[in-house]
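A quick write-up on the structure given underneath.
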Amino acid sequence: MSILIKDTKLSPEDYLEGEELSEYKHEYEDGKIIAMVGVSRNHNTIQINLTGALFNHLRNKPCRVFSSDMKVRHQNTFYYPDLSVGCEPEAHDQYLEHPLLVVEVFSPSSEKRDRGVKRLTYQQIPGLQEILLFSQDRMLAECYRREGEQWIMERYEGDEVLSMPCIDLALPMREIYDGVELK
1 MSILIKDTKL SPEDYLEGEE LSEYKHEYED GKIIAMVGVS RNHNTIQINL TGALFNHLRN
61 KPCRVFSSDM KVRHQNTFYY PDLSVGCEPE AHDQYLEHPL LVVEVFSPSS EKRDRGVKRL
121 TYQQIPGLQE ILLFSQDRML AECYRREGEQ WIMERYEGDE VLSMPCIDLA LPMREIYDGV
181 ELK
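Residue 1 is where the sequence shown starts when you use the numbering used here, and the numbers rise one by one after that.
Below you can see the structure in the form of structure tokens.
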């Protein structure tokens with residue numbers, strides 16, 4: 001979930017400077033500051049399960065896994081995905097401009113924004129190959145994959161195995177949702 005906290009325009013440079021000093025995380029959309037709020041136990045469990053699996057898979061490979069403390073930038077927008085993978089050298093320490101994969105775990109309060117404006121913004125990032133959206137309340141994942149100039153969506157549920165061809169990894173949904181109390 002997020003909350004718009006300022007309706008005044010701020011430059012990207014001022015935003016980045018403020019984020020360095022802030023105790024709390026904020027996303028940035030074309031001058032608007034959006035406060036990030038805490039996550040549920042289910043959200044955190046899914047995020048940790050994925051982080052561990054991707055970290056182990058990518059160990060000693062050129063790609064790196066980044067937690068929700070690393071921003072992803074597209075033009076005048078900065079988001080904190082729940083997880084991202086980057087394989088390219090980056091010019092900045094505070095954010096990725098060339099992620100290969102991003103992950104968002106959505107709750108009922110963040111679902112519209114994660115599936116809508118954030119996904120559409122991510123899809124504009126050159127080089128991004130996969131966007132994974134996970135429900136925190138039911139065993140459901142949506143994978144958006146770039147195929148040429150198009151994005152193809154695949155849904156995964158229950159006993160299915162989620163495929164991430166951009167990093168050559170397949171994970172059973174049951175492993176991703178291990179320890180999650182489903183509704």
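We treat Cβ as the ideally placed atom computed from N, Cα and C, and that holds for glycine. Predicted model only: the values in this text are computed from it and were never measured.
- Item | With 16 other Cβ atoms within 10 Å as the buried cut-off, status of I152 | Along the sequence shown, read from residue 1 onward, the residue named residue 152 stands at position 152. So I152 counts as exposed.
- Can the beta-carbon of S68 be found closer than 8 Å to that of P89? In the sequence shown, counting from the first residue as 1, residue 68 sits at position 68. In the sequence shown, counting from the first residue as 1, residue 89 sits at position 89. It is not a contact, given that the beta carbons lie outside the stated cut-off.
- Message: Can you find the residues in the same chain that come closer than 8 Å, C-beta to C-beta, to H191, ignoring five residues on each side of it along the sequence?
- Response: Residue 191 cannot be examined here, being either before or after the span of the chain that is shown, 1 to 183.
- Where does V180 land, buried or exposed, given buried means 16+ other C-beta within 10 angstroms? As a working note, residue 180 is residue 180 in the sequence shown. The residue is buried, with at least 16 neighbouring Cβ atoms inside 10 Å.
- Message: For S22 and F66, what's the separation of their Cα atoms in angstroms?
- Response: For the purposes of this step, residue 22 is taken as residue 22 along the sequence shown, with counting starting at 1. For the purposes of this step, residue 66 is taken as residue 66 along the sequence shown, with counting starting at 1. Taking the straight line from one Cα to the other gives about 20 Å.
- Query: Can you tell me where the alpha helix (DSSP H) with Q47 in it begins and where it stops?
  - Reply: The residue given as residue 47 occupies position 47 in the sequence shown. Start and end: 41-58.
- Message: I need the straight-line Cα distance from Q75 to G127, nearest angstrom please.
- Response: Working through the sequence shown from its first residue, we reach residue 75 at position 75. Working through the sequence shown from its first residue, we reach residue 127 at position 127. Each residue's CA atom was taken as its position, placing Q75 and G127 some 14 Å apart.
- Message: For a test of the three-state rule: what should DSSP assign to I255, helix, strand or coil?
- Response: Since the displayed the chain opens at 1 and closes at 183, residue 255 lies outside it and no answer follows.
- At what residues does the beta strand (DSSP E) containing E17 begin and finish? Position 17 of the sequence shown, counted from the start, is the residue given in the question as residue 17. In the DSSP annotation of this structure, E17 is not part of any beta strand (DSSP E); the continuous alpha helix (DSSP H) holding it starts and ends at 12-21.
- So is L182 buried or exposed if we call it buried at 16+ other beta carbons inside 10 Å? Here residue 182 refers to the residue found at position 182 of the sequence shown. Around the beta carbon of L182, fewer than 16 other beta carbons lie within 10 angstroms, which makes this residue exposed.
- Between the CA atoms of Y28 and T77 - distance to the nearest angstrom: Here residue 77 corresponds to residue number 77 of the sequence shown, with the count starting at 1. Here residue 28 corresponds to residue number 28 of the sequence shown, with the count starting at 1. One alpha carbon belongs to T77, the other to Y28, and they sit about 5 Å apart.
- Query: With respect to the alpha helix (DSSP H) encompassing I176, which residues constitute its N-terminal and C-terminal limits?
  - Reply: Taking the sequence shown and counting its residues from 1, the one referred to as residue 176 is at position 176. Counting along the chain, the alpha helix (DSSP H) containing I176 begins and ends at 173-176.
- Message: Here's a check: name, in chain order, each residue in its chain whose Cβ is nearer than 6 Å to the Cβ of I3, leaving out the five neighbours to either side.
- Response: Within the sequence shown, numbered from 1, the residue matching residue 3 stands at position 3. The predicted position of I3 is uncertain, since its pLDDT is 44 and thus under 50; no value can be drawn from it.
- Item | Among D30, C63, N44, nearest to F134 - alpha-carbon criterion | Taking the first residue of the sequence shown as 1, we reach residue 134 at position 134. The residue with the shortest Cα to Cα distance from F134 is N44.
- the stretch 118-126 contacting the stretch 154-163, beta-carbon criterion three pairs below 8 Å: In short, these stretches do not touch, since the Cβ pair count stays below three.
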